[in-house]
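Peer 1:
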Amino acid sequence: MKVHERLRVIRHIKDWTQEEMAEKLGYSPNGYTKVERGETDITVGKLEKIAETLGVSLPKLLGMDEGNVFNFAEHCNYGVHNVVVLTESQCAQELEKANLLLSERLKEIEYLKNEIRLLQEKVEWMGKRST
206 MKVHERLRVI
216 RHIKDWTQEE
226 MAEKLGYSPN
236 GYTKVERGET
246 DITVGKLEKI
256 AETLGVSLPK
266 LLGMDEGNVF
276 NFAEHCNYGV
286 HNVVVLTESQ
296 CAQELEKANL
306 LLSERLKEIE
316 YLKNEIRLLQ
326 EKVEWMGKRS
336 T
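Residue numbers for the sequence shown follow my numbering, beginning at 206 and rising by one.
(1) So, for residue 208: in the same chain, excluding its five sequence neighbours on each side, which residues have a beta-carbon less than 7 Å away from its beta-carbon?
(2) Taking all protein chains shown into account, do 16 or more other C-beta atoms lie within 10 angstroms of the C-beta of residue 310, making it buried, or fewer, making it exposed?
(3) Could you check if residue 227 is buried or exposed, using at least 16 other CB atoms within 10 Å of its CB as the buried criterion?
(4) Could you tell me the boundaries of the alpha helix (DSSP H) in which residue 208 lies?
(5) Helix, strand or coil for residue 309, going by three-state DSSP, please let me know.
(6) Report yes if the C-beta distance between residue 213 and residue 241 is below 7 Å; otherwise report no.
(7) Could you tell me the boundaries of the alpha helix (DSSP H) in which residue 224 lies?
(8) For my contact list, residue 249 and residue 215 are in at a C-beta cut-off of 8 Å; report their separation, rounded to the angstrom.
(9) Who are the near neighbours of residue 253 in its chain, counting only those whose CB is closer than 8 Å to its CB and skipping five residues on each side?
(10) First and last residue of the alpha helix (DSSP H) that includes residue 244?
This is the structure in C-alpha cells:
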C-alpha cells in the first residue's frame, strides 16, 4: 500500500472527511485531495505534520513499522539460497521508503548539530562571563 492510500485509510478510520483533514493541516481541500490521490509530491516535513495530525508515527505512515517488514518478507518469493526476490515495483517502493527515512534522519542530524553548536556557544559565553 502506498503512502497516499494509507493516508486515506487512516483518515477513514478517524471518520474525517477530506475537507476536515485539509482544514486540520491548513491545506486547501483540492490540495489535500491531490495528496490522497498521489498526484503531488510531499516533503518529509509535510509527511511529519500529516502523521502527527493523524496520531501515527512517520515510519508507521510510511509502512515501515516492524509488523509490515515481517509481513512483507513472508509474502516474498524466495530464489536460490533463500534470497528474497523482489519485483521492480516492490524495489521502487522500498527504495522510496528508505529515501524518505534517510531524509528524515539527515534532518534530525542537522538539527542536532545546530543544537550542539548553540550549546557550545552558550558554554563559551558563560565561561567568558565568569572570568
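For every residue, glycine included, the Cβ atom is placed at its ideal position computed from N, Cα and C.
The structure displayed is predicted, hence computed values, not measured ones.
Peer 2: Reading off the structure:
(1) Position 3 of the sequence shown, counting from 1, holds the residue named residue 208. Excluding residues within five positions, the ones whose Cβ falls inside 7 Å are 266, 267.
(2) Along the sequence shown, one-based indexing puts residue 310 at 105. Flag for residue 310 reads exposed.
(3) Taking the sequence shown and counting its residues from 1, the one referred to as residue 227 is at position 22. With 16 or more Cβ atoms within 10 Å of its Cβ, residue 227 is classed as buried.
(4) Here the question's residue 208 lines up with position 3 in the sequence shown. Per DSSP, the continuous alpha helix (DSSP H) segment holding residue 208 begins and ends at 208-218.
(5) Here residue 309 refers to the residue found at position 104 when the sequence shown is read from its first residue. Residue 309: helix per DSSP, three-state reduction.
(6) The residue labelled residue 213 in the question sits at position 8 within the sequence shown. The residue labelled residue 241 in the question sits at position 36 within the sequence shown. Yes, the Cβ-Cβ distance between residue 213 and residue 241 is below 7 Å.
(7) Counting from one through the sequence shown, the residue named residue 224 turns up at place 19. Residues 223-230.
(8) Counting from 1 along the sequence shown, the entry for residue 249 is found at position 44. Counting from 1 along the sequence shown, the entry for residue 215 is found at position 10. Incorrect: roughly 18 Å between the Cβ atoms, too far for contact.
(9) Taking the first residue of the sequence shown as position 1, residue 253 is located at position 48. Closer than 8 Å at Cβ, skipping near neighbours: 263, 309.
(10) Mapped onto the sequence shown, residue 244 falls at position 39. Taken as a continuous stretch (DSSP letters only), residue 244 belongs to no alpha helix (DSSP H), as it is neither H nor E.
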